Amino acid sequence: GWQYRFPVGFDVQLVARPALEQVLRERVTALPSVTFRYGVRAEALLLDQQQDGVGVTVRPRDGEARDEVVRADLVVDATGRATRLPRWLEEAGHPLPDTLVVDGKVTYASRFYTFRPDPGQDWFASYQPTLAPHSPRGGIAARVGPDLWQLGLIGAGGQAPPADEDGFRAYAATLDNPDFAHIIDHGTPQGPVRQTRSTVNRWHRYDRLPHWPGRLIALGDSICALNPVYGHG
Numbered sequence: 394g395w396q397y398r399f400p401v402g403f404d405v406q407l408v409a410r411p412a413l414e415q416v417l418r419e420r421v422t423a424l425p426s427v428t429f430r431y432g433v434r435a436e437a438l439l440l441d442q443q444q445d446g447v448g449v450t451v452r453p454r455d456g457e458a459r460d461e462v463v464r465a466d467l468v469v470d471a472t473g474r475a476t477r478l479p480r481w482l483e484e485a486g487h488p489l490p491d492t493l494v495v496d497g498k499v500t501y502a503s504r505f506y507t508f509r510p511d512p513g514q515d516w517f518a519s520y521q522p523t524l525a526p527h528s529p530r531g532g533i534a535a536r537v538g539p540d541l542w543q544l545g546l547i548g549a550g551g552q553a554p555p556a557d558e559d560g561f562r563a564y565a566a567t568l569d570n571p572d573f574a575h576i577i578d579h580g581t582p583q584g585p586v587r588q589t590r591s592t593v594n595r596w597h598r599y600d601r602l603p604h605w606p607g608r609l610i611a612l613g614d615s616i617c618a619l620n621p622v623y624g625h626g
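Position one of the sequence shown corresponds to residue 394 (the working numbering), numbered consecutively onward.
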């Protein structure tokens with residue numbers, strides 16, 4: 394049944410991830426001390442004789458130019474879930490860190506809709522959580538802009554909401570929450586269904602290494618990547 398509604402004591406601001414990232418990028422771009430390098434990929438970590446970070450090697454993505462050394466007083470790995478820092482450290486002679494992995498085999502499929510609620514609707518988000526092991530399916534609908542809604546369907550324990558039109562609709566119809574099917578039936582899709590299985594929780598235990606290079610920092614998901622729906626990235 395429905396959870397009892399009550400004030401939570403704080404405000405929640407819902408926003409689509411692309412809009413959030415655009416605002417963050419615009420603010421960082423406006424900083425006079427920041428320079429962006431496009432069309433290159435970091436390939437290796439540079440350490441000095443004291444094993445301190447002094448830069449990285451970058452390689453053009455088109456492969457037509459030679460590798461280039463970019464030196465720095467401080468090297469920060471903020472490459473997130475796709476970090477290659479463990480391999481770079483191993484190549485530099487450091488032991489690989491232990492990595493703790495917890496995989497709930499969670500899959501998400503989501504889509505944006507333009508949807509104008511009924512006049513009497515007084516909510517801006519509707520949620521059906523998964524509950525292992527008995528209820529592996531769930532979903533969430535949230536207003537993320539003027540008449541713009543994001544609908545996400547959840548599958549845990551190997552359940553996977555489909556990425557095709559008919560499968561997405563049919564999966565939503567299997568849920569106890571009728572709000573999801575209502576948005577699909579009465580909203581207008583804005584783009585295709587997007588599916589992701591990149592939900593494994595992974596913690597690189599850098600804190601257990603016998604030595605950590607100076608002038609090197611790892612941040613966020615490059616250290617501990619949780620299921621992205623938790624919002625800890």
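All C-beta atoms in this analysis are idealised placements derived from N, C-alpha and C, irrespective of residue type, glycine included. No experiment lies behind these values; they were computed from the predicted model shown.
Asked, Found
"Could you pull the start and end residues of the beta strand (DSSP E) that residue 587 belongs to?", "581–589"
"What are the complete alpha helix (DSSP H) segments, minimum 4 residues, inside the region 493–532?", "none"
"Note down, in chain order, each residue of its chain lying with its Cβ closer than 8 Å to the Cβ of residue 481, except the 5 sequence neighbours on either side.", "437 and 438"
"Does residue 577 come out as helix, strand or coil in the three-state DSSP assignment?", "helix"
"Assess contact between the region 402–416 and the region 437–454, defined as three or more Cβ pairs (one per stretch) separated by less than 8 Å. Is contact present?", "no"
"Please list, in chain order, all residues of the same chain as residue 572 whose beta carbon is under 6 Å from its beta carbon, the five residues on each side excluded.", "519 and 534"
"What is the DSSP secondary structure of residue 485, reduced to helix, strand or coil?", "coil"
"Just to confirm before moving on: does the CB-CB distance between residue 478 and residue 491 stay below 8 Å?", "no"
"Quick one: measure Cβ to Cβ for residue 549 and residue 498, integer angstroms, because I've assumed they're closer than 8 Å.", "7 Å"
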